[in-house]
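Step one of this worksheet: look at the structure below.
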Amino acid sequence: MGIAAKLDGVGKPAWLALIVLSFMAWWPLGVATAAYVIGSGRMGSRMCGRFGRWFKDADNVAERAMSGLGRGFKASSGNSAFDEYRTDTLRRLEEEEREFKTFLSRLRMAKDKAEFDQFMADRRNGPGNLTNPA
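What the sequence shown shows, in full-length UniProt numbering, is residues 1 to 134, in sequence order.
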């Protein structure tokens, strides 16, 4: 039978005594003990239950939020003026994003063409060129 099981058998006073004694021995040990007791729900308070549920559901909430980003913005807020503004703003941002991606594509193409032209010029005028002696 482990220490945690023995302290569980005695109840909350035993856990509180352990926390106090661990703080008296060395404060980082006390912090660690308190974190363990609170995090494991051994004190049995309502707050521990709520936090425990919150930590368990946090991943699910994050996944739902990330998967619903696209359709979440389309849901009505109940305010028609705001919904219209949001729709126009999202449309404008999507259009700007497309234009920016097109601009980046042209910029990359121009840079690649300039690098290729420079390479070809260096190759034509390089020291290994036998058709054009210096």
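Think of the CB as a built atom: it goes at the ideal place given N, C-alpha and C, for glycine as much as any other residue.
In the DSSP assignment, GLY39 falls within the unbroken alpha helix (DSSP H) covering 27-40. Taking C-beta atoms as the reference points, VAL37 and TRP15 count as a pair closer than 8 angstroms.
Note that the C-beta distance between ALA34 and ILE19 is below 8 angstroms. A straight-line Cα-Cα distance of about 15 angstroms links SER22 and LYS12. In the three-state scheme derived from DSSP, where H, G and I count as helix and E and B as strand, GLY2 is classed as coil. Spanning the alpha carbons of SER76 and LYS101 requires a straight line of approximately 30 angstroms. Close CB contacts of ASP112 within its chain, under the 6 angstroms cut and outside five residues either way in sequence, are absent. Annotation for SER105: the continuous alpha helix (DSSP H) segment containing it runs 80-124. For GLY9, the three-state secondary structure derived from DSSP is helix.
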